[in-house]
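Report on one structure; see the data block that follows.
Chains as they are written, first to last, in my numbering: chain W, 14 to 365; chain D, 2 to 354.
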């Protein structure tokens, strides 16, 4: 099975060969590295930009204005903050021009903790991202969804921010991408650049990939249950699934929703699940004050108030200025398995 | 006394105030240029009146930049799409837009934020034009971002040069705005060895950045001197002289189209009504390029005084008529606020997800 990095790479290959992507660019995106997580290795339209995040986003906007299709990368979301005004403009170009100029660009950036990335390689960006009206925001948690969401993002005529959970980039999936060789070693030999030696003459041998799209705005139920609902996305998704599996072994069926898209988001899926279970926990790792989960909890409270059996809960990262490097510091800062389990046990025990 | 508290020197513009007699252009072209400069000036003065009579919330514009703006407008490879020049303009671009063909009515509708405003649908300020049919990309209030956006359209044009595309990207902005990092970005990205971009990077130096005088901000003699460090060809042009502007822009554009490489050109211009309505929009004592060119044309017997007066009268009447019409038109509806958040009016309201 492909890793998420390989899945994104394959989607970008489909993008540049079938969907008209002209530029895949950013810092270290081109050869020889092909991205710090190797997600852009072997792509013919990938190139290294100046080390200038504002230049990267601005160039992407210009390419969009010219009608070309690009996927730009900010190497870590920790370095996207000085482009906020440009992101706002990308999001308002269609609106401010009264529908005259759309902005068909994709910006991808790794997010979140989990790789011992210290203060400036562990930020999250989902809460801020959802404060950029006019953008669509996606965040996959599996390689197959990463593939399908990237193809949808490329085809979307609006700006799409593609958040890559960096802790999941090397995690392999459980579902084959259509056209992907079943054997991991075969895939690796085809599309991974040699780790050592001269890469200058290396070229990827791409499998015959098929288009598979995940519609932006559509969530996925990853575990079915009727006692409570967990809604999450990105790095914390596999943890939520494990918590549900552990609880099921104890005889408690919990429903888990992988939101996949943060904006637009699949409210109908959340609504149907919470209406059924009466209890909901929203989990993400961005800082907890003015967190996107708070918006969802607010909506659950106001729209589903009379169907709730417990107050909606949000489990998010601590409101700290950064993620400390030492494992003790990181683990105390963002949600882990034990934290999610603790919240779920409290939620399940709550009686109206 | 801290530097920031030091009294700024008055911004006495070291601009050329005479029209060069050594350079010339065909008479018909000069007549056309004067016509467009007068039309632009009348329009800008009408926009100020629209603001001052309470029909608009704000005014910002380009009186004093007519010589530059009209010359630029005349030399653009005008049209829509990648085969034509792309323009990333700032909010003093009325003369260029008038030259491209924008009507006074369009500019006034924008200033009065009417639903009929084609640039923004009543959503943005005066002077924030957007005309895809001429590759005029949306003008924004944040300073200098357009220098970064220009990188992208120039990249798209560079890609097509092997197939004969000679379109270029043009970006305009003020001297003070060059303090923003995006100006440096444009120089860096435009001059990457082997990847040079067909960009006409221009600065309209009116020696002011709202209240910041040129002398209190700039250690460099000319803003365009900064481009020399990147091996970018530079030029300093008297932006008050329409003939020098025309010939200078023509020469630099020819170079960019031929070579595919960038130029950074600085135009020394006037700011005749201050920054915007925020500082009063009152007439300042600076060199005025319109009467100076008018005098030259009359002196050289290209037009008579009476013919020139006819132009002023004609455009004054047009501006009054346009203002009356725009005033009678409706503003955008409250419901329209959700339009065009996403392409095809896809639902953007979370309450309806």
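Glycine included, every Cβ here is placed at the ideal spot set by N, Cα and C.
Backbone CA spacing between residue i and residue j [nearest angstrom]
i: residue 146(D); j: residue 198(W); result: 46 Å
i: residue 57(D); j: residue 323(D); result: 14 Å
i: residue 65(D); j: residue 290(D); result: 6 Å
i: residue 142(D); j: residue 173(D); result: 13 Å
i: residue 195(D); j: residue 230(D); result: 16 Å
i: residue 200(W); j: residue 193(W); result: 7 Å
i: residue 2(D); j: residue 214(D); result: Any reading at residue 2(D) is ruled out, since the residue's pLDDT is 33, under 50, leaving its predicted position unreliable.
i: residue 10(D); j: residue 176(D); result: Caution applies to residue 10(D), whose pLDDT of 41 falls short of 50 and renders its modelled position unreliable; the value that the coordinates give is listed next. Using only the alpha carbons, I get a separation of about 16 Å.
i: residue 334(D); j: residue 125(D); result: 15 Å
i: residue 220(W); j: residue 120(W); result: 25 Å
i: residue 362(W); j: residue 291(W); result: 13 Å
i: residue 319(W); j: residue 303(W); result: 25 Å
i: residue 270(D); j: residue 216(D); result: 15 Å
i: residue 241(D); j: residue 253(D); result: 17 Å
i: residue 31(W); j: residue 339(W); result: 44 Å
i: residue 189(W); j: residue 348(D); result: 32 Å
i: residue 128(W); j: residue 340(D); result: 42 Å
i: residue 300(D); j: residue 118(W); result: 54 Å
i: residue 156(D); j: residue 211(D); result: 32 Å
i: residue 61(D); j: residue 144(D); result: 14 Å
i: residue 77(W); j: residue 80(D); result: 17 Å
i: residue 232(W); j: residue 278(W); result: 7 Å
i: residue 29(W); j: residue 331(W); result: 40 Å
i: residue 244(D); j: residue 315(D); result: 24 Å
Run of the alpha helix (DSSP H) containing residue i, from where it starts to where it stops
i: residue 361(W); result: 350 to 362
i: residue 159(D); result: 146 to 161
i: residue 306(W); result: 305 to 316
i: residue 40(W); result: Premise fails: residue 40(W) is in no alpha helix (DSSP H) and is neither H nor E.
i: residue 316(D); result: 306 to 329
i: residue 251(W); result: 249 to 262
i: residue 48(D); result: 28 to 53
i: residue 141(D); result: That residue, residue 141(D), is in no alpha helix (DSSP H); it is neither H nor E in DSSP.
i: residue 100(W); result: 97 to 109
i: residue 168(W); result: 156 to 168
i: residue 287(W); result: 280 to 290
Sub-7 Å separation of residue i and residue j beta-carbons
i: residue 67(W); j: residue 179(D); result: no
i: residue 149(W); j: residue 115(W); result: no
i: residue 306(W); j: residue 329(W); result: yes
i: residue 198(D); j: residue 159(D); result: yes
i: residue 344(W); j: residue 336(W); result: no
i: residue 69(D); j: residue 268(D); result: yes
i: residue 22(W); j: residue 59(W); result: no
i: residue 360(W); j: residue 294(W); result: yes
i: residue 182(W); j: residue 50(W); result: yes
i: residue 137(D); j: residue 40(D); result: no
i: residue 151(D); j: residue 91(D); result: no
i: residue 48(W); j: residue 154(W); result: no
i: residue 342(D); j: residue 130(W); result: no
i: residue 158(W); j: residue 273(W); result: yes
Element boundaries [beta strand (DSSP E), containing residue i]
i: residue 294(W); result: 293 to 300
i: residue 247(D); result: Here residue 247(D) belongs to no beta strand (DSSP E); instead the alpha helix (DSSP H) covers 243 to 260.
i: residue 89(D); result: 87 to 89
i: residue 268(W); result: 267 to 271
i: residue 120(W); result: 118 to 124
i: residue 344(W); result: No beta strand (DSSP E) holds residue 344(W); the alpha helix (DSSP H) holding it covers 340 to 344.
i: residue 328(W); result: 326 to 330
i: residue 170(D); result: 170 to 172
i: residue 151(W); result: 149 to 151
i: residue 17(W); result: Looking at the DSSP string, residue 17(W) is not in any beta strand (DSSP E); the run it does join, the alpha helix (DSSP H), is 17 to 31.
i: residue 266(D); result: 264 to 269
Nearest-angstrom Cβ-Cβ length linking residue i and residue j, presumed shorter than 8 Å
i: residue 243(W); j: residue 266(W); result: Contact flag wrong, Cβ pair sits at about 12 Å.
i: residue 149(D); j: residue 94(D); result: Not really, about 18 Å apart at Cβ, beyond 8 Å.
i: residue 287(D); j: residue 272(D); result: 7 Å
i: residue 183(D); j: residue 71(W); result: 7 Å
i: residue 263(W); j: residue 126(W); result: Going by Cβ atoms, the distance from residue 263(W) to residue 126(W) rounds to 28 Å, so no, they are not a contact pair.
i: residue 314(W); j: residue 139(D); result: Actually they do not touch by this definition, with Cβ atoms about 39 Å apart.
> Would the segment 31 to 41 of chain W and the segment 200 to 215 of chain W be scored as touching if the rule is three or more Cβ pairs under 8 Å?
Replying inline: With the cut-off at 8 Å, the segment 31 to 41 of chain W and the segment 200 to 215 of chain W do not touch.
> Touch check for the segment 316 to 336 of chain D and the segment 71 to 79 of chain D: three-plus C-beta pairs under 8 Å?
Replying inline: As far as the Cβ criterion goes, the segment 316 to 336 of chain D does not touch the segment 71 to 79 of chain D, which means the pair count is below three.
> Counting pairs of beta carbons, one from the segment 24 to 33 of chain D and one from the segment 295 to 314 of chain D, are three or more of them closer than 8 Å?
Replying inline: These segments touch.
>> Across the segment 27 to 35 of chain W and the segment 67 to 84 of chain W, are there enough close Cβ pairs to call them in contact, namely three or more that are closer than 8 Å?
In response: Note that the segment 27 to 35 of chain W touches the segment 67 to 84 of chain W; at least 3 beta-carbon pairs, one per stretch, sit closer than 8 Å.
> Do three or more CB pairs link the segment 226 to 240 of chain D to the segment 253 to 273 of chain D at distances below 8 Å?
Replying inline: Segments in contact, yes.
> Should the segment 98 to 114 of chain W be called in touch with the segment 113 to 120 of chain D, which here means at least 3 C-beta pairs below 8 Å?
Replying inline: Three or more beta-carbon pairs drawn from the segment 98 to 114 of chain W and the segment 113 to 120 of chain D are found closer than 8 Å, and the two stretches are therefore classed as touching.
> Per the contact definition of three or more C-beta pairs closer than 8 Å, is the segment 172 to 192 of chain W in contact with the segment 136 to 144 of chain W?
Replying inline: Touching, yes, given that three or more Cβ pairs across the two stretches are closer than 8 Å.
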